[in-house]
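Just below is one structure, and these are the notes that go with it.
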């Protein structure tokens with residue numbers, strides 16, 4: 343179902359989902375010819391991140407992971423600066439020193455991004471602690487995958503969050519519905535003894551919800567409840583969103599195995615290639631959202647126009663990134679310490695050399 | 009480098025543990041964003057460093073945590089990212105190993121990886137060193153682990169005054185600082201001036217004793233041992249200069265090089281094991297910047313390459329003593345006669 347928000351806001355979320363999809367597709371194509379390091383894409387999870395993060399306000403924070411691109415776009419970070427960062431350019435969000443795994447934009451509420459599995463859990467709890475400590479009516483969201491629950495950090499962080507009733511939301515994006523177990527040539531991520539992820543939440547007394555991560559309305563509802571709980575001083579919430587892993591994310595390196603998404607698949611079932619009927623016909627969160635909008639009366643042409651705009655934007659973003667200069671070599675020495683005198687002097691010789 | 013100043017007559021004689029508490033108290037009072045986090049800190053922790061602070065500042069600012077070192081450090085990182093200045097007490101440096109992901113992969117790197125968007129003003133207080141027969145999980149000297157990480161600063165005071173002044177610097181620093189305390193120093197007394205004028209800058213060594221024949225370079229408890237070694241040497245007419253680094257990273261290389269260029273001989277002494285240690289870094293630095301005047305190879309004195317033993321008898325043999333440092337100094341003098349650098353009177 344669609345989130346119960348004005349039509350204009352629903353359409354804004356459509357545009358954001360389309361921009362995420364076209365960003366990731368452009369990135370995968372770019373990676374064929376450019377070295378972007380090991381990267382992860384958000385294809386198929388758009389209906390989780392977009393409605394969930396649309397509910398955040400200024401001053402709220404979100405800590406995310408190696409699969410962060412969709413989250414940043416959802417909060418308004420410029421895709422051109424993100425692509426520039428992924429390509430290591432001076433115009434990147436992190437001045438070229440973070441890369442795809444660490445995209446951050448403090449002014450959009452992403453202070454840092456961790457690619458250590460489970461790494462952001464304690465940090466998100468810490469920011470929630472800071473909000474509670476200083477009486478700020480803010481929430482801290484931690485976005486992570488199902489694999490993070492295998493880390494000890496989960497149990498420690500959940501314990502402290504529950505103990506102190508901190509305003510943190512654990513948004514666990516379980517994208518492993520078709521990656522369970524160790525299938526040949528796939529990259530397993532769920533290797534937990536417990537049959538349900540939330541079995542690892544219940545002992546802490548943290549309220550939890552399990553929702554379909556392709557159902558934007560369900561995500562909106564669960565997240566609304568969690569934010570209300572956090573802002574009301576009633577502590578943490580755990581939300582598990584379930585999505586089927588996009589076939590292109592099953593290999594170790596993302597591949598455009600389904601080809602670029604055609605939004606017309608949403609209303610022209612016959613156009614869907616048989617090889618990818620399961621994905622485009624029912625599992626793809628973006629097409630589900632489109633179908634729901636069309637069923638609610640949005641003209642197909644409006645969807646196509648939004649999609650074409652997203653494609654054009656990402657073409658321009660790719661061009662911007664490729665045209666951007668690399669950072670000057672001296673940039674490598676900056677930002678180690680807050681005191682710039684230390685940065686200039688630090689090296690094998692230490693201070694004063 | 010600053011010369012060790014004579015204590016003002018009015019300076020209070022404090023134990024190191026009390027100087028630490030005074031520094032915590034003064035920063036808690038000066039800045040409402042300062043919070044203390046750690047296991048049992050409301051009752052003072054294992055050695056009483058935080059004793060009584062909860063009565064003054066309340067449980068909101070003196071917070072007991074679960075026995076979850078990794079997540080407590082991570083929590084402090086997230087809190088520092090949103091305006092607090094946390095001070096985390098890790099009971100023993102041995103358990104800082106549980107927090108290495110948050111310390112090394114997060115606290116130390118977030119400013120850099122974010123392209124300067126984020127700073128983490130975080131203080132980690134941790135005590136260590138071998139004394140009291142605590143055994144190998146409560147006695148290590150792991151400073152080289154942390155000094156090796158860009159983005160972390162590491163201080164290791166040897167006197168109550170420095171314990172006060174460096175801790176206050178650490179809390180005010182815009183970046184993560186590890187404050188390494190040696191529990192064998194907790195009960196020793198010394199003159200401590202409190203107040204802002206007594207803040208000791210990070211990165212500056214102190215000359216504890218001047219001498220012309222050999223430079224003894226050390227920090228933490230071993231700086232006291234080096235002073236005792238200098239007394240032994242003085243009895244034989246050997247004048248040793250003693251440099252207390254006070255900060256391990258960033259290293260005050262100017263202070264080291266300036267002294268060694270005068271004495272032409274150097275002994276580095278620390279309680280950590282010798283291989284791959286701070287002493288190696290200092291010896292290499294001397295080689296790079298004073299090779300032309302060296303009269304003897306740089307000597308390194310440290311613990312043998314074993315875990316710290318528990319037995320008091322073994323522990324006493326494990327920790328280098330003044331005689332070991334003095335013997336190393338004598339070896340540098342035996343390597344060549346005592347003459348000054350070309351053109352200088354010895």
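Residue numbers (this note's numbering), protein chains in the order written: chain S, 343 to 695; chain W, 9 to 354.
Don't be surprised by glycine CBs; every beta carbon is placed ideally from N, CA and C.
Item to complete: Determine the burial state of residue 121 (chain W): buried for a count of at least 16 other Cβ atoms within 10 Å of its Cβ, exposed for fewer.
Response: As a working note, residue 121 (chain W) is residue 113 in the second chain. Label assigned to residue 121 (chain W): buried.
Worksheet item: Counting pairs of beta carbons, one from the region 233-249 of chain W and one from the region 319-332 of chain W, are three or more of them closer than 8 Å?
Response: yes
Discussion item. Is residue 456 (chain S) close to chain W? Criterion is C-beta to C-beta, closer than 9 Å.
Written reply: Working through the first chain from its first residue, we reach residue 456 (chain S) at position 114. Closer than 9 Å: yes.
Worksheet entry | Which listed residue (W:259, W:193, W:198, W:173) has its alpha carbon closest to that of residue 213 (chain W) | Locating residue 213 (chain W) in the second chain gives position 205, where the first residue counts as 1. The shortest C-alpha separation from residue 213 (chain W) is found at W:259.
Worksheet entry | the region 81-94 of chain W touching the region 466-477 of chain S, judged by at least three CB pairs closer than 8 Å | yes
Fill in: Counterpart residues of residue 189 (chain W) in DSSP-defined beta bridges
Within the second chain, the letter at position 181 stands for residue 189 (chain W). W:135, per the DSSP bridge assignment.
Discussion item. What would DSSP say about residue 246 (chain W), mapped onto helix, strand or coil?
Written reply: As a first step, residue 246 (chain W) is located in the second chain; it is residue number 238 there, counting from the start. Of the three classes helix, strand and coil, the one that applies to residue 246 (chain W) here is coil, per DSSP.
Worksheet item: Which ranges does the beta strand (DSSP E) cover as unbroken runs of at least 3 residues, wholly within the region 396-471 of chain S, from first to last along the chain?
Response: 403-405
Item to complete: For residue 109 (chain W), return the contacting residues in chain S, with the cut-off set at a CB-CB distance below 7 Å.
Response: Along the second chain, one-based indexing puts residue 109 (chain W) at 101. Result: 458, 461.
Worksheet entry | Residues of its chain near residue 536 (chain S), where Cβ-Cβ distance is below 7 Å and the 5 sequence neighbours each way are ignored | Walking along the first chain from the start, residue 536 (chain S) turns up at place 194. Closer than 7 Å at Cβ, skipping near neighbours: 542.
Worksheet item: What is the rounded straight-line gap between the Cα of residue 561 (chain S) and the Cα of residue 360 (chain S)?
Response: As a working mapping, residue 561 (chain S) is identified with position 219 in the first chain. As a working mapping, residue 360 (chain S) is identified with position 18 in the first chain. So the alpha carbons of these two residues sit roughly 18 Å apart.
Practice prompt. From the DSSP output, read off the bridge partner residues of residue 583 (chain S).
Written response: For the purposes of this step, residue 583 (chain S) is taken as residue 241 along the first chain, with counting starting at 1. Residue 583 (chain S) pairs with S:515, S:553.
Item to complete: Step through the CB atoms of chain W and report whether any lies within less than 9 Å of the CB of residue 639 (chain S).
Response: Against the first chain, residue 639 (chain S) aligns to sequence position 297. No, no contact with chain W.
Worksheet item: Curious, which full-length beta strand (DSSP E) runs of at least 3 residues does the region 66-149 of chain W contain?
Response: 70-72, 93-98, 131-136
Discussion item. Using the Cβ count rule (16 or more neighbours within 10 Å means buried), how would you classify residue 314 (chain W)?
Written reply: Counting from one through the second chain, the residue named residue 314 (chain W) turns up at place 306. By the neighbour-count rule (16 or more Cβ atoms within 10 Å), residue 314 (chain W) is not buried but exposed.
Fill in: For residue 46 (chain W), the first and last residue of its enclosing alpha helix (DSSP H)
The sequence position of residue 46 (chain W) within the second chain is 38, counting from 1. First-last for residue 46 (chain W): 42-46, but that is the beta strand (DSSP E), not the alpha helix (DSSP H).
Worksheet item: If we ignore side chains and look at the alpha-carbon of each, how far apart do residue 575 (chain S) and residue 503 (chain S) end up?
Response: If you number the first chain from 1, residue 575 (chain S) lands on position 233. If you number the first chain from 1, residue 503 (chain S) lands on position 161. Answer to the nearest angstrom: the Cα atoms are 12 Å apart.
Item to complete: Say whether chain S places a C-beta atom closer than 9 Å to the C-beta of residue 80 (chain W).
Response: Walking along the second chain from the start, residue 80 (chain W) turns up at place 72. Chain S, which has a Cβ nearer than 9 Å to the Cβ of residue 80 (chain W), makes this yes.
Practice prompt. Name the residue from W:231, W:202, W:203 whose alpha carbon lies nearest to the alpha carbon of residue 215 (chain W).
Written response: Residue mapping note: residue 215 (chain W) aligns to position 207 of the second chain, counting from 1. Answer by Cα proximity: W:231.
Fill in: Interface flag, residue 270 (chain W) vs chain S, CB-CB below 9 Å
Working through the second chain from its first residue, we reach residue 270 (chain W) at position 262. No, no contact with chain S.
Worksheet entry | At least 3 beta-carbon pairs within less than 8 Å: the region 99-107 of chain W vs the region 60-70 of chain W | no
Discussion item. Helix, strand or coil, according to DSSP, for residue 591 (chain S) in the structure here?
Written reply: For the purposes of this step, residue 591 (chain S) is identified with residue 249 of the first chain, where counting begins at 1. Residue state, collapsed to three classes: helix.
Discussion item. Quick check on this structure: which residue in W:208, W:222, W:143, W:34 has the alpha carbon closest to the alpha carbon of residue 339 (chain W)?
Written reply: By one-based count along the second chain, residue 339 (chain W) stands at place 331. Out of W:208, W:222, W:143, W:34, W:222 has the C-alpha closest to the C-alpha of residue 339 (chain W).
Practice prompt. Express the C-alpha separation of residue 282 (chain W) and residue 288 (chain W) in angstroms, rounding to a whole number.
Written response: Translated into the one-based positions of the second chain, residue 288 (chain W) becomes position 280. Translated into the one-based positions of the second chain, residue 282 (chain W) becomes position 274. If you take the alpha carbons of residue 288 (chain W) and residue 282 (chain W), they lie about 8 Å apart.
Item to complete: Just confirm the distance between the C-beta atoms of residue 378 (chain S) and residue 363 (chain S), as a whole number of angstroms; I'd bet it's less than 8 Å.
Response: Here residue 378 (chain S) refers to the residue found at position 36 of the first chain. Here residue 363 (chain S) refers to the residue found at position 21 of the first chain. Not a contact, Cβ separation roughly 18 Å.
Item to complete: Check each residue of the region 394-416 of chain S: if its Cβ is closer than 9 Å to any Cβ of chain W, include it; give the result in chain order.
Response: 403, 405
Discussion item. Can you tell me whether residue 198 (chain W) is helix, strand or coil according to DSSP?
Written reply: For this step, residue 198 (chain W) is matched to residue 190 along the second chain. In this structure, residue 198 (chain W) counts as strand in the three-state DSSP scheme.
Discussion item. According to DSSP, is residue 278 (chain W) part of a helix, a strand, or is it coil?
Written reply: Counted from its first residue, the second chain places residue 278 (chain W) at position 270. The answer is strand: DSSP assigns residue 278 (chain W) an E or B state.
Worksheet item: How is residue 645 (chain S) classed by DSSP in three states: helix, strand or coil?
Response: By one-based count along the first chain, residue 645 (chain S) stands at place 303. In this structure, residue 645 (chain S) counts as helix in the three-state DSSP scheme.
Worksheet item: If we call anything under 9 Å between Cβ atoms a contact, is residue 150 (chain W) one with residue 280 (chain W)?
Response: Taking the second chain and counting its residues from 1, the one referred to as residue 150 (chain W) is at position 142. Taking the second chain and counting its residues from 1, the one referred to as residue 280 (chain W) is at position 272. Taking 9 Å as the Cβ cut-off, residue 150 (chain W) and residue 280 (chain W) qualify as a contacting pair.
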